[in-house]
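Engineer: Numbering (full-length UniProt numbering), first residue to last: 1 to 145.
Don't be surprised by glycine CBs; every beta carbon is placed ideally from N, CA and C.
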Amino acid sequence: MNHAKVLGLAKTWLAKCKCVPEQRFKNEGYKYPTRLVNLAGLKKHGTIDTKNWKYHEDVGLNELGNTLVNLINKDSPGWPKSDDDMEDKEYVTLSHKWGGTDKPTRLTKGTENAYREGVPLRELPRTFQDAIHFALRVSSKVHYI
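The structure is reproduced here in structure tokens:
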């Protein structure tokens, strides 16, 4: 199966998937993860059509390397202030094994501020870069790592 077919299949699954029904989400006070990566910074470089949040597929990771991505949470600027605004805050999740790397990228109290300020995309592990690239291609605004 080629990349376009895999991407199309993933988009179909995501369009159908509502892991937490909207009403349950609102009633039970569902909490977002603390490691959401804001992909909005990438739109400043013309990589995302901001009106439709569609990814310009001709732009690759090399062109995006210096673009800052940052962690966001409910206290971050631009985060929805009411339950009615929450429905557009869907996110894509990366599930992975750390593997045998000597220096894995980890969120700790010592690194949290730097990640909230923003780090260049190229400084993230390739697995994270690829996951962000995928999230952009399925039109996600945020990504959970």
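(1) Does the separation of the CB atoms of arginine 126 and asparagine 70 fall below 7 Å?
(2) Who are the near neighbours of alanine 10 in its chain, counting only those whose CB is closer than 7 Å to its CB and skipping five residues on each side?
(3) Is the beta carbon of tyrosine 91 closer than 7 Å to that of leucine 36?
(4) Let me know the secondary structure DSSP gives threonine 93 once reduced to three states.
(5) According to DSSP, is leucine 136 part of a helix, a strand, or is it coil?
(6) Could you give the residue range of the alpha helix (DSSP H) that holds leucine 121?
(7) Suppose the cutoff is 6 Å on Cβ atoms and the five residues either side in sequence are ignored; what does the same chain contact list for isoleucine 72 look like?
(8) Are there 16 or more other CB atoms within 10 angstroms of the CB of threonine 12, so buried, or fewer, so exposed?
(9) Please report the residue range of the beta strand (DSSP E) in which leucine 71 lies.
(10) Among residues of its own chain, excluding the 5 on either side of cysteine 17, which ones have a beta-carbon nearer than 8 Å to its beta-carbon?
(11) Tell me which same chain residues have a C-beta within less than 8 Å of the C-beta of glycine 118, skipping the five on either side of it?
(12) Over what stretch of residues does the alpha helix (DSSP H) that includes leucine 7 continue unbroken?
(13) Excluding the 5 residues preceding and the 5 following threonine 105 in the sequence, name in chain order all residues of the same chain whose CB lies nearer than 8 Å to its CB.
(14) Less than 7 Å separating the beta-carbons of asparagine 66 and proline 120?
(15) By the DSSP assignment, the beta strand (DSSP E) with leucine 107 in it spans what residues?
Structural biologist: A quick look at the data gives this:
(1) no
(2) Val138
(3) yes
(4) strand
(5) helix
(6) Per DSSP, leucine 121 belongs to no alpha helix (DSSP H) and is neither H nor E.
(7) Leu36, Asn38
(8) exposed
(9) 68–72
(10) none
(11) Gly41, Leu68, Val69, Asn70
(12) 3–16
(13) Leu124, Pro125, Phe128
(14) yes
(15) That residue, leucine 107, is in no beta strand (DSSP E); it is neither H nor E in DSSP.
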